[in-house]
Each structure stands twice: as C-alpha cells, then as structure tokens.
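Below is one structure; the comments refer to it alone.
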Amino acid sequence: MPCAIGCIRGRCEWRSGMRRQAPALPRTLWIDDNAKLRETPGTMDAALVVRSVWEGMEARDWDAVRRLVAEDVVVTWPQTRERIRGADAFVTLNRTYPGDWHITVEEVLAAGDHAAARVTIVSGADVFYASGFYVVRGGQIVEATETFADPGEPPYDRGHLAERY
Numbered sequence: 001m002p003c004a005i006g007c008i009r010g011r012c013e014w015r016s017g018m019r020r021q022a023p024a025l026p027r028t029l030w031i032d033d034n035a036k037l038r039e040t041p042g043t044m045d046a047a048l049v050v051r052s053v054w055e056g057m058e059a060r061d062w063d064a065v066r067r068l069v070a071e072d073v074v075v076t077w078p079q080t081r082e083r084i085r086g087a088d089a090f091v092t093l094n095r096t097y098p099g100d101w102h103i104t105v106e107e108v109l110a111a112g113d114h115a116a117a118r119v120t121i122v123s124g125a126d127v128f129y130a131s132g133f134y135v136v137r138g139g140q141i142v143e144a145t146e147t148f149a150d151p152g153e154p155p156y157d158r159g160h161l162a163e164r165y
C-alpha cells in the first residue's frame, strides 16, 4: 500500500528514512508581497494562507485578512451554532470583537487545499484555545469550521488515568 507522505516510484521515503527536506517557507506571506501569487490562483500553500489570516488578525491588519478570505466564505462555529457568511462579515466580527486579545499560532498543517490550525488566544487573564479546519482555493479561505475552548477542571475524577499540566 503506497504511503500518502511522499512516495516516489513505489519507494516510501517516510518509512525508509529518506525524508526529503521541505523547502523553508516564510513564516508569513501576505498576498501583496508577490504579484505573481496574486495573478496565479491556487499557488499559495494552504497552511501559509491560514497562518497568515491568524497572524493578520493578531497584527490587526484587516485589509490583509480580507484579501485572504474569499468573498463568499462560510465560517461555521459549532460550539455556539453560528455561521458567518461572507468575507466582510467575518472581518467585521473579528475586528469588533471586544477586549485586548492576542493570538499565538501554535501549529498549522495542510494537505492539498485543506489545512488545520491550533491557536492560543489570550485576552487579559482569559485564555482560549482554537482549532480550525479550512479549505483554501486560489489563495483564499473558502470554508472554515472553528471551535473555541477555555481551560477548565476535568468533569470527573480521572486522575489515575491522566496527568494535569
């Protein structure tokens, strides 16, 4: 069975330890940094687009965030049963969110046009953890499902099965 992580001519680089070195990507790439990227749909890496949106929100660079979100984006928040339709609504919701919040992108992974992100959001003494799953096409997020959680105590005594950190 072929491996999905870089098989070439039936030889699995992952399993054989011959992992190719991935090219170094810039930590953040705004769509305006490279005119060729703007003109060639689908060339931006999904992970880079998602990271750039989160980092753009941290920087309060709403124009950059808007450029990386498709006009007809649909963002679903299952936890609160909300659906945000359209780039303008998504940007306005985040731009006007109360408090002095700060975002740290912990991890972004991608496969093809799908990406997943794990983010920490701090607002004063409050800490929230966000996980998101994204579809990216043409260098823009077209669909997202994001969940947000705050830290809390375990719901029952399971200390003998798990450690606290």
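Just so we're aligned: the sequence shown equals residues 1 to 165 in the UniProt record's numbering. Don't be surprised by glycine CBs; every beta carbon is placed ideally from N, CA and C.
Quiz item: Considering only residues of the same chain and omitting the five flanking positions on each side of Val65, which have a CB-CB separation below 7 Å?
Solution: If you number the sequence shown from 1, residue 65 lands on position 65. Taken in chain order, the residues that qualify are Val53, Gly56, Met57 and Val91.
Self-check item: Alpha-carbon to alpha-carbon, Val75 and Arg81
Solution: What you label residue 81 is simply residue 81 of the sequence shown in a count that begins at 1. What you label residue 75 is simply residue 75 of the sequence shown in a count that begins at 1. Each residue's Cα considered, the two are about 11 Å apart.
Quiz item: What are the start and end residues of the alpha helix (DSSP H) that includes Arg67?
Solution: As a first step, residue 67 must be located in the sequence shown, where it is residue number 67. Membership of Arg67 in the alpha helix (DSSP H) is indicated by the continuous run Trp62 to Arg67.
Quiz item: Which runs of the beta strand (DSSP E) spanning at least 3 residues fall entirely within the region 63-124, listed in chain order?
Solution: You should have 69-77, 82-85, 101-111 and 114-123.
Quiz prompt | Contact under 9 Å by Cβ, Val135 with Ala125 | solution = One-based indexing of the sequence shown puts residue 135 at position 135. One-based indexing of the sequence shown puts residue 125 at position 125. Their beta carbons are not under 9 Å apart, which means Val135 does not touch Ala125 by this criterion.
Exercise. Mark Val119 as exposed unless 16 or more other C-beta atoms lie within 10 angstroms of its C-beta, in which case mark it buried.
Key: By one-based count along the sequence shown, residue 119 stands at place 119. A buried status is given to Val119, since no fewer than 16 other beta-carbon atoms sit within 10 Å of its beta-carbon.
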